[in-house]
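There are 2 protein chains.
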Amino acid sequence: MENNSPIGVFDSGIGGLSVLKQFLRFIPYEKYIYLGDTARVPYGNKSAETVIEYSLQSARFLIDKGAKMIVIACNTASSVALEAVKNEFDVPVIGMIIPAAQAALRTTSNHNIGIIGTRATVASGAYDKALMLYSELSSLNIYSKACPLFVPIVEEGWLEHDASKLIAEEYLQELKEKEIDTLILGCTHYPLLKKLIADIVPGVNLIDSGEHAAVSAIRILGEAGLLAKERDEFNFTPDVDFYVTDVPSTFFDIARRFLDFDVNTPKRISL
Amino acid sequence: MENNSPIGVFDSGIGGLSVLKQFLRFIPYEKYIYLGDTARVPYGNKSAETVIEYSLQSARFLIDKGAKMIVIACNTASSVALEAVKNEFDVPVIGMIIPAAQAALRTTSNHNIGIIGTRATVASGAYDKALMLYSELSSLNIYSKACPLFVPIVEEGWLEHDASKLIAEEYLQELKEKEIDTLILGCTHYPLLKKLIADIVPGVNLIDSGEHAAVSAIRILGEAGLLAKERDEFNFTPDVDFYVTDVPSTFFDIARRFLDFDVNTPKRISL
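Line by line, the protein sequences give chains L and Z. The numbering used here applies: residue 722 is where the first sequence begins, and numbers increase by one. The numbering used here applies: residue 722 is where the second sequence begins, and numbers increase by one.
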């Protein structure tokens, strides 16, 4: 592993690009390899055993490409497979759940924390468990709500459509009544709806897992002496190699929406 | 200098608390000393010589308190006194201008960058110079606009008042016509107006200097092995000692608005 080895990011699909975006925002000079297991997305309804197997395959692919760090940019894989990936490989591994839970606990004043995610993530209770594990607040109140329409809305690109507003109002009404002051965006697609959500729950702190994962990465790589050098070089093109297990027809549109720049054609691979 | 030495942050007044807030968001386990030179605020209209002298006094105070890093959380002092403070002391020094300029250059796609700040900051051309220095874009278009009413609006707490909206629309109209895609919030008070500004220039990337300064700090301290240890400790109270050269009657209200928590009574000192 060297300073200019790449950071490997994997996800069940393309949602993890919102995580990559946060990494590019804060440590842009790194090389990245992004692997989306688009042929087998979503992971949410698969058994833990299968998700662990798929995650180990993805991590192995990134390690073979020389990754100095693995980022599990998928909530389901993070909740189920983090330990397995950590145990299997020698590089630092960062998931989505713990950085977001810790950030939420630091942020809340009134101890009412909301979690939104896919049905599978909410049912898994992964964030609830992490919040309880790291919390010393016996008075912590956790309210979670599955928002199944948010992923298709984001993929359709209707980020501020009136229909999206109505849907978000419906989903968030319950959490609003509970007077949450902090809301974990527990799905990689949801950061694209930040503005929509903020308009409905003004003043609530929105916790973006990818942002806090990126900050953890700087700390871990910095302390290990493994950060890439900063460069005074602009007209800046991020250095990302994209790999997918299938190229959906909507890939480029959606990737552009997540990243704000045009991506190269991804390489299709089999795991 | 040790891992648990404090990070020293100074500003001409209380605006730098928005910078401190970003540091607390990303590296909450550090100890902080905040010094606001509230008796001599604002620095904007003072000569470079005087601002350098004041900045060296503030930095000296923080160094004597054991600071392992100095953050100049004031745009005027950053543009005028960064080199002088760097030359005088052995610890890493971070200002506001360079991290924001670099972030803006990485962020823009259409090469139209806006800058808003106080009259003094805009007239100094500090951001323009930094953008040109770090840019290789001969095609870079920089548009700056002084927004003198934004500081008093923030201090009055009218963050979403209809009057504030009208004022912001007036100030931002010109930049909007220039089709900027990136806007540097070149004054420490302005991050509190993020929502107001975002509503007027939707889709424009707002660059918060404090956020990028905090990320620089993690990198620098991490590589020097000087980050405080992370702790699994919540019910979290930030560890900040506040010093001011004068205690204005509105100090507590304004500090609460900037930080989202109640601050202890600051210690009044003379520089």
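In this text, a Cβ means the ideal position worked out from N, Cα and C, and glycines have one as well.
If you follow the beta strand (DSSP E) that K950 of chain Z is in, where does it begin and where does it stop? If you look at K950 of chain Z, you'll find it isn't in any beta strand (DSSP E); DSSP assigns it neither H nor E.
For V812 of chain L and L803 of chain L, what's the separation of their Cα atoms in angstroms? Note on geometry: alpha-carbon atoms of V812 of chain L and L803 of chain L lie some 13 Å from one another.
CB of S776 of chain Z within 7 Å of CB of V730 of chain Z, strictly: Taking 7 Å as the Cβ cut-off, S776 of chain Z and V730 of chain Z do not qualify as a contacting pair.
Find the nearest neighbour of P959 of chain Z within the set Z:N724, Z:H910, Z:Y755, judged by alpha-carbon distance. Out of Z:N724, Z:H910, Z:Y755, Z:Y755 has the C-alpha closest to the C-alpha of P959 of chain Z.
For F973 of chain Z, would you say it is in contact with chain L, using Cβ-to-Cβ distances shorter than 7 Å as the test? Any Cβ of chain L closer than 7 Å to the Cβ of F973 of chain Z would place that residue at the interface, and such an atom is absent.
Three-state secondary structure (DSSP) of L861 of chain Z: Residue state, collapsed to three classes: coil.
Three-state secondary structure (DSSP) of K988 of chain Z: Correct three-state label for K988 of chain Z: strand.
Return the CA-CA distance between R781 of chain L and L887 of chain Z, expressed in angstroms with no decimal places. Across the structure, R781 of chain L and L887 of chain Z are spaced so that their CA atoms are roughly 55 Å apart.
Could you give the C-beta distance for D732 of chain Z and G757 of chain Z, rounded to a whole number, given that I count them as a contact under 8 Å? With a Cβ gap of about 5 Å, D732 of chain Z and G757 of chain Z count as contacting.
Counting only beta-carbon atoms, is E751 of chain Z nearer than 7 Å to chain L? No, because no Cβ of chain L sits closer than 7 Å to the Cβ of E751 of chain Z.
Check the Cβ of V936 of chain Z against every Cβ in chain L and list those closer than 9 Å, keeping chain order. Result: R746, F747, I748, A935, V936, I939.
Quick one: measure Cβ to Cβ for L947 of chain L and K789 of chain L, integer angstroms, because I've assumed they're closer than 8 Å. Between the beta-carbon of L947 of chain L and that of K789 of chain L there is about 5 Å, and that keeps the pair under the 8 Å contact cut.
For D737 of chain L, count neighbouring C-beta atoms within 10 Å of its own C-beta (all shown protein chains included) and say buried if the count is 16 or more, exposed if not. As written in the sequence, residue 737 of chain L is Gly, which differs from the Asp given in the question. Under this definition G737 of chain L is a buried residue.
From the DSSP output, in three-state form, read off L854 of chain Z for me. L854 of chain Z: helix per DSSP, three-state reduction.
Minimum length 4: unbroken alpha helix (DSSP H) runs contained in the region 894-945 of chain Z: Taking only runs of at least 4 residues, the alpha helix (DSSP H) segments lying wholly in the region 894-945 of chain Z are 915-921, 930-944.
Contact residues within the region 887-906 of chain Z, judged by C-beta distance below 7 Å to chain L: When CB distances to chain L are screened at a threshold of 7 Å, not a single residue of the region 887-906 of chain Z falls below it.
Using a threshold of 7 Å, state whether the C-beta atoms of I921 of chain L and A889 of chain L are closer than that. For I921 of chain L and A889 of chain L, yes; Cβs fall inside 7 Å.
Going straight from the alpha carbon of L763 of chain L to that of G907 of chain L, what length do you get? It should be pointed out that residue 763 of chain L corresponds to Pro in this sequence rather than to Leu. Taking C-alpha positions only, P763 of chain L is separated from G907 of chain L by approximately 15 Å.
Enumerated in chain order, which unbroken segments of the alpha helix (DSSP H) with a length of 4 residues or greater are wholly contained in the region 793-859 of chain L? The region 793-859 of chain L contains these whole alpha helix (DSSP H) runs: 796-809, 818-828, 840-845, 847-855.
Please list, in chain order, all residues of the same chain as Y964 of chain Z whose beta carbon is under 8 Å from its beta carbon, the five residues on each side excluded. If we look at Y964 of chain Z and ignore the five residues flanking it on each side, its Cβ neighbours are I754, Y755, L756, G757, F782, P987, K988, R989, I990.
Beta-bridge partners of F972 of chain Z, as assigned by DSSP: Paired residues: none, contrary to the question.
Between the Cα of G931 of chain Z and the Cα atoms of Z:Q823, Z:S845, Z:L854, which residue gives the shortest distance? When each option's Cα is compared against that of G931 of chain Z, the closest is Z:Q823.
Across the region 819-834 of chain Z and the region 929-943 of chain Z, are there enough close Cβ pairs to call them in contact, namely three or more that are closer than 8 Å? When C-beta atoms of the region 819-834 of chain Z are compared with those of the region 929-943 of chain Z, three or more pairs fall below 8 Å, so the two segments count as touching.
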